[in-house]
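There are 2 protein chains.
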Amino acid sequence: MTAKTVLIVDDEASIREMIAVALEMADYRVLEADNAQTAHAMVVDDQPDLLLLDWMMPGTSGIELARRLKRDTATAELPIILLTAKSEEDNKIQGLEAGADDYITKPFSPRELVARLKAVLRRATPTGVEETVEIDGLRLDPVSHRVSANGEALDVGPTEYRLLQFFMTHQERAYTRSQLLDQVWGGNVYVEERTVDVHIRRLRKVLGDDHQHLIQTVRGTGYRFSTKE
Amino acid sequence: MTAKTVLIVDDEASIREMIAVALEMADYRVLEADNAQTAHAMVVDDQPDLLLLDWMMPGTSGIELARRLKRDTATAELPIILLTAKSEEDNKIQGLEAGADDYITKPFSPRELVARLKAVLRRATPTGVEETVEIDGLRLDPVSHRVSANGEALDVGPTEYRLLQFFMTHQERAYTRSQLLDQVWGGNVYVEERTVDVHIRRLRKVLGDDHQHLIQTVRGTGYRFSTKE
DNA sequence: CGCTAATGTGACAACTTCGTGACAATAACG
DNA sequence: CGTTATTGTCACGAAGTTGTCACATTAGCG
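From first to last, the protein sequence lines stand for chains A and B.
Using UniProt numbering, read the first sequence as starting at 1 and increasing by one per residue.
Using UniProt numbering, read the second sequence as starting at 1 and increasing by one per residue.
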């Protein structure tokens, strides 16, 4: 699973720092901005997965930024959590009306922050359309998360599963090891290219004699999933 | 169409009276209770179609009753309208979070009351007839709120019950811990993902050797309820 | 045929994920 | 108001998974 990016917007550096530490411990990527202007630009450029926004800031207030982002279709989907001081609590409603997905009252524990952040991200993540693919008696069902060959269940590990799913939905095309790492492992991982070979082998082993011919080696390039030849 | 039954819960008899008159003129059946205790019992016994609940009451507050009702699967579907005094308006959010479907601020006109009541009833899902599910001798009956295995009653805790009900009505599908938290615990709860594991374990324990194979671990993903394999 | 680069393969240590029992906090109940 | 359930979290060990390496095997080429 790729790490989610969170943009923290607060004019107080100490608070940003505190939050950043908590989030990094929980394996989130962290971006920071200290005013609404910069924040807006970063939202557009860096496309964070979530916005942690302080309510009160000099100049354009957090609430104003939230409202603006929600109004723009390009950024309307971005989940926003508002940070409010206790005395401002009455404004909760206004905040939620402006489009915030949650609000947290200062002071808060890092635990609470991370928990609510998870919950918001969870709700925001769309579930892609997942259809069963079947090729030559080899069947992969994303819904039940199962793989079977001629009706018999196969025990496929997580990485092999993703690899197979990618192949089955991208047949008849050769991919380099590098491309496979990007697509199956996810962009920002450093893994040796030869590791792909090992997983290909593991996958072939699981598929057994009946189906391993579907995964073909393209010498000097990489691999291909194909029913032909 | 049969008349809908509305349960009014308020400690002030005059207010109940006023509401009762308005509702009866609009052809509703009316029940009354002056405290949360009685109200809870009446909800269970008389199964009203809607609950009109005063926020502030001596003893268990309305909000507390609402929360309790929403937490229990047997009564979770009951639409609730909260009555709040103007000065308590800040608590709106709290009320909605507790599961209320609407709130009305005192003083209100009988007209308004009936209008919103209609609206809520309209929205309220006909609670798709709750049917007993039986799989492999494992039976869950939503009406009596009971679980049995091969005829023998099982002692299932509230959370385990909801989890099992969800699984039995959503077989053959792998769910992540996140999705289970959303579906079984409800969206706005901040709970660690691993907590799901613990409840899965508790559920498996209750199901015993005969049926625990129905709950399968999908490594790297989550869990699945299935009769196969 | 012999050489070389590319790929296949088995082993393995580091790392994740999962199952499990215990525990404290909270809620339900009489 | 004390007693009993229920719940969420944690810590630990077991089980499964991953990336890497060393070495074996193969394909391509002159």
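Quick reminder that beta carbons are idealized off the backbone N, C-alpha and C, glycines included.
This structure is a prediction, so every number in the text was calculated from the model and none was measured.
| Rounded distance between the beta-carbons of T227 (chain A) and D136 (chain A), thought under 8 Å | That pair is a contact at about 6 Å.
| said: Counting only beta-carbon separations shorter than 8 Å, does A153 (chain A) have a partner in chain B? | reply: At least one chain B Cβ lies under 8 Å of A153 (chain A).
| Meets three-Cβ-pair contact criterion under 8 Å: the segment 187-201 of chain B and the segment 143-153 of chain B | By the C-beta criterion, the segment 187-201 of chain B is judged not to be in contact with the segment 143-153 of chain B, since fewer than 3 inter-stretch pairs fall below 8 Å.
| request: Just the chain B side, please: which residues come within less than 9 Å of E112 (chain A) by C-beta, in chain order? | output: Here the neighbours are Y190.
| query | Does the distance from the C-beta atom of Q179 (chain B) to that of P142 (chain B) stay below 8 Å? | reply | In terms of Cβ geometry, Q179 (chain B) and P142 (chain B) do not form a close pair [threshold 8 Å].
| said: Just verifying my parser: in three-state terms, what is the DSSP assignment at H211 (chain B)? | reply: For H211 (chain B), the secondary structure class from DSSP, reduced to helix, strand or coil, is helix.
| Cβ of V143 (chain A) less than 8 Å from any chain B Cβ? | Under the 8 Å criterion on CB atoms, V143 (chain A) is classed as interfacial with respect to chain B.
| Within this structure, are the beta carbons of G62 (chain B) and D49 (chain B) separated by less than 8 Å? | Result no, Cβ atoms of G62 (chain B) and D49 (chain B) do not sit closer than 8 Å.
| said: Would V218 (chain B) pass as an interface residue toward chain A - the criterion being a Cβ-Cβ separation below 8 Å? | reply: Proximity of V218 (chain B) to chain A, defined by a Cβ-Cβ separation below 8 Å, is satisfied.
| request: Could you tell me the boundaries of the beta strand (DSSP E) in which Y175 (chain A) lies? | output: 174-176 is the extent of the beta strand (DSSP E) around Y175 (chain A).
| request: Give a single yes or no on whether I63 (chain B) has its beta carbon closer than 7 Å to a heavy atom of the ligand MN. | output: Ligands in the displayed structure: none, and consequently the ligand MN is not present.
| message | Mapping the DSSP letters down to three states, classify R139 (chain A) as helix, strand or coil. | response | Three-state DSSP puts R139 (chain A) in a strand.
| field | G222 (chain B): first and last residue of the uninterrupted beta strand (DSSP E) it sits in | value | Per DSSP, the unbroken beta strand (DSSP E) holding G222 (chain B) starts and ends at 222-225.
| request: Quick one: give me the first and last residue of the beta strand (DSSP E) that T5 (chain B) is part of. | output: Where T5 (chain B) is concerned, the enclosing beta strand (DSSP E) stretches over 5-9.
| request: If I'm right that Q212 (chain B) touches Y223 (chain B) with Cβ under 8 Å, what's the distance once you round it to whole angstroms? | output: Between Y223 (chain B) and Q212 (chain B) the Cβ distance is about 12 Å, and since that is not below 8 Å, they are no contact.
| message | Taking the alpha helix (DSSP H) that K160 (chain B) belongs to, which residues open and close that run? | response | Checking the sequence, you will find Glu at residue 160 (chain B) rather than Lys. Boundaries of the alpha helix (DSSP H) around E160 (chain B): 158-168.
| task | Check the DSSP bridge columns for D27 (chain A) and list the partner residues they point to. | result | Answer is none; D27 (chain A) lacks a bridge partner.
| field | Proximal chain A residues relative to T38 (chain B), where beta-carbon distance stays under 8 Å | value | Residues of chain A whose Cβ lies closer than 8 Å to the Cβ of T38 (chain B) do not exist, since the nearest Cβ in that chain is about 33 Å away.
| query | By the 10 Å Cβ neighbour count, where 16 or more other Cβ atoms means buried, how is R173 (chain A) classified, buried or exposed? | reply | That one is exposed.
| Where D10 (chain B) falls, given that 16 or more other Cβ within 10 Å makes a residue buried | Classification of D10 (chain B): buried, given that the 10 Å Cβ count is 16 or more.
| query | Counting only beta-carbon atoms, is T221 (chain B) nearer than 8 Å to chain A? | reply | With 8 Å as the cut-off, T221 (chain B) counts as an interface residue toward chain A.
| message | For M25 (chain A) and M18 (chain A), I'd like the C-alpha separation in whole angstroms. | response | M25 (chain A) and M18 (chain A) have their C-alpha atoms some 11 Å from each other.
| message | Quick check: is the beta carbon of A119 (chain A) nearer than 8 Å to any beta carbon in chain B? | response | With a threshold of 8 Å between beta carbons, A119 (chain A) makes contact with chain B.
| request: For the alpha helix (DSSP H) holding V44 (chain B), just list the boundary residues, first then last. | output: Residues 36-46.
| Residue of A:L51, A:T84, A:L83 minimising C-alpha distance to E77 (chain A) | E77 (chain A) has its Cα closest to that of A:L51, out of A:L51, A:T84, A:L83.
| With respect to the alpha helix (DSSP H) encompassing A66 (chain A), which residues constitute its N-terminal and C-terminal limits? | Element bounds for A66 (chain A): 62-71.
| task | Return the CA-CA distance between H199 (chain B) and D34 (chain B), expressed in angstroms with no decimal places. | result | Rounded to the nearest whole angstrom, the CA to CA distance from H199 (chain B) to D34 (chain B) is 37 Å.
| query | In chain order, what residues of the same chain lie with their CB nearer than 6 Å to the CB of T132 (chain B), ignoring the 5 residues before and after it? | reply | Excluding five sequence positions before and after T132 (chain B), the CB atoms of its chain that fall closer than 6 Å to its own CB belong to D141, given in chain order.
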